[in-house]
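To start, the structure itself, in structure tokens.
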Amino acid sequence: MSKSKSKPAKKPAPKQAPKPTSKPAVKTTAKTGLASGLKSLEAAAALASELAAPPAGPALPPEPEAAPAPAAASAPAPSEAPIIATLHGVRVPAAPHLGPSMITSLNEGRYERNEVACGLAAIPKGARILELGAGAGVVGAILAMNLAPKALLSIEANPALIPHIAHLHATNGLSDIITLRHAVVLTAPDAPASIDFFVMGNFLGSGLVSRKPDRAQTVSVPVLRYADLVADFAPDTIMMDIEGGELDFLRHADLTGINTFVAEFHRDIYGREGMQECRRLLSAQGLRIDEATCRPGVHVWKR
Numbered sequence: 061m062s063k064s065k066s067k068p069a070k071k072p073a074p075k076q077a078p079k080p081t082s083k084p085a086v087k088t089t090a091k092t093g094l095a096s097g098l099k100s101l102e103a104a105a106a107l108a109s110e111l112a113a114p115p116a117g118p119a120l121p122p123e124p125e126a127a128p129a130p131a132a133a134s135a136p137a138p139s140e141a142p143i144i145a146t147l148h149g150v151r152v153p154a155a156p157h158l159g160p161s162m163i164t165s166l167n168e169g170r171y172e173r174n175e176v177a178c179g180l181a182a183i184p185k186g187a188r189i190l191e192l193g194a195g196a197g198v199v200g201a202i203l204a205m206n207l208a209p210k211a212l213l214s215i216e217a218n219p220a221l222i223p224h225i226a227h228l229h230a231t232n233g234l235s236d237i238i239t240l241r242h243a244v245v246l247t248a249p250d251a252p253a254s255i256d257f258f259v260m261g262n263f264l265g266s267g268l269v270s271r272k273p274d275r276a277q278t279v280s281v282p283v284l285r286y287a288d289l290v291a292d293f294a295p296d297t298i299m300m301d302i303e304g305g306e307l308d309f310l311r312h313a314d315l316t317g318i319n320t321f322v323a324e325f326h327r328d329i330y331g332r333e334g335m336q337e338c339r340r341l342l343s344a345q346g347l348r349i350d351e352a353t354c355r356p357g358v359h360v361w362k363r
């Protein structure tokens with residue numbers, strides 16, 4: 061009986077259950093507080109990240125920097141430009157100004173045929189050549205490739221042709237032999253610092269005198285005085301194709317050191333009287349026409 065009475069005496073023990081139940085309550089509260097703290101920290105970190113990061117708008121400029129890459133890739137590198145013709149050993153790379161008819165003319169040997177023939181026949185090896193009117197750069201390159209000149213200074217007024225001429229020279233390993241300059245050479249003592257040049261759709265028709273001014277684009281080109289050029293370069297040979305500018309050139313040029321003068325004359329621009337004046341001026345400089353090496357439209361004068 062005493063044992064049975066002692067058992068009920070221990071029943072109050074479950075009343076102490078609040079202690080264990082209070083502990084989970086504390087743990088739950090702690091976890092809740094910890095989670096809340098973590099969320100606060102994460103929110104603060106996210107806010108800090110947003111504040112530290114650049115605004116969405118300015119972050120886009122890198123794309124415009126990358127945009128030119130496709131354009132550069134689409135344009136062939138100079139070394140990748142196809143060779144469209146080979147003339148007297150000169151490889152001619154493709155260029156915008158060389159259309160189908162011009163390419164055919166190059167491949168058939170008709171491009172500036174008389175000018176090339178006169179130059180190769182009349183200019184001695186080892187000359188110091190001044191080329192006035194480089195055009196596509198082909199004639200000057202042929203002279204440099206076949207005549208082993210001491211130096212060749214090539215002048216071209218059309219600004220659009222300059223990079224393509226330089227490319228042609230580089231393609232043929234002539235960049236160290238030929239010096240290329242963008243200018244118009246004038247002989248008048250009162251020559252201006254620059255002059256208007258008429259650029260035609262076909263580069264062969266471009267010049268200081270325009271046959272069709274309404275179809276030409278006018279560009280301003282720097283002037284190089286002939287006297288200064290001679291003092292710096294000292295040419296002994298002139299190869300000239302300046303589309304009608306030869307008459308004005310000869311009116312004031314001192315050709316004292318020039319032994320060979322090869323020029324394409326343009327009688328259709330300055331007429332018969334202008335052509336006769338060109339001959340008188342050359343004769344007055346002590347030069348004589350070399351009939352054996354002349355070709356139609358291209359004359360050779362020798363000292």
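Per this note's numbering, residue 61 is the first one in the sequence shown, and the count goes up by one each step. Backbone N, C-alpha and C define an ideal beta-carbon position, used for all residues, glycine too. None of these values were measured; they are calculated from a predicted model.
Check                                                                                                         : Outcome
Own chain partners of H312 with C-beta closer than 6 Å, once the 5 adjacent residues on each side are dropped : T247, A248
Other residues of its chain near T297: CB distance less than 6 Å, five sequence neighbours each side excluded : I183, A187, I189, T320
Sub-8 Å separation of G195 and L307 beta-carbons                                                              : no
Ordered list of beta strand (DSSP E) runs contained in the stretch 284–317, each at least 3 residues          : 297–300
Distance between D256 and E303 (C-alpha atoms, nearest Å)                                                     : 14 Å
First through last residue of the beta strand (DSSP E) which encompasses I189                                 : 188–192
Among G357, K362, I237, H242, nearest to P223 - alpha-carbon criterion                                        : H242
Per-residue DSSP class, three states only, for V245                                                           : strand
Three-pair Cβ contact test at 8 Å for the stretch 231–239 versus the stretch 171–182                          : no
T353, enclosing alpha helix (DSSP H) - first and last residue                                                 : No alpha helix (DSSP H) contains T353, which DSSP labels as neither H nor E.
Cβ contact check for the stretch 163–177 and the stretch 325–338: 3 or more pairs under 8 Å                   : no
Proximal residues to F293 (C-beta, below 6 Å), its chain only, five neighbours per side dropped               : L213
Distance between R275 and A211 (C-alpha atoms, nearest Å)                                                     : 37 Å
Per DSSP, cross-strand counterpart(s) of S254                                                                 : P282
Where E324 sits in the DSSP three-state scheme                                                                : strand
heavy atom of the ligand MG below 7 Å from R241 C-beta                                                        : Although the ligand MG was asked about, the structure shown includes no ligands whatsoever.
Rounded distance between the beta-carbons of V283 and A251, thought under 8 Å                                 : 5 Å
Per DSSP, the bridge partner or partners of T146                                                              : R151
Proximity of R355 and N174 at Cβ, strictly below 8 Å                                                          : yes
G149 classed as buried or exposed, judged by whether at least 16 other C-beta atoms fall within 10 angstroms  : exposed
Whole-angstrom C-beta distance between E172 and V199, which should lie under 8 Å                              : 5 Å
Per DSSP, the bridge partner or partners of R348                                                              : K362
Three-state class that DSSP yields for A196 in the structure shown                                            : coil
Among L347, T231, T278, D314, the one whose alpha carbon lies nearest that of P142                            : T231
Length of the line joining the Cα atoms of A160 and H227                                                      : Reading off the sequence, residue 160 comes out as Pro, not Ala. Roughly 20 Å separates the two Cα atoms.
Rounded C-alpha distance that separates A177 from E351                                                        : 13 Å
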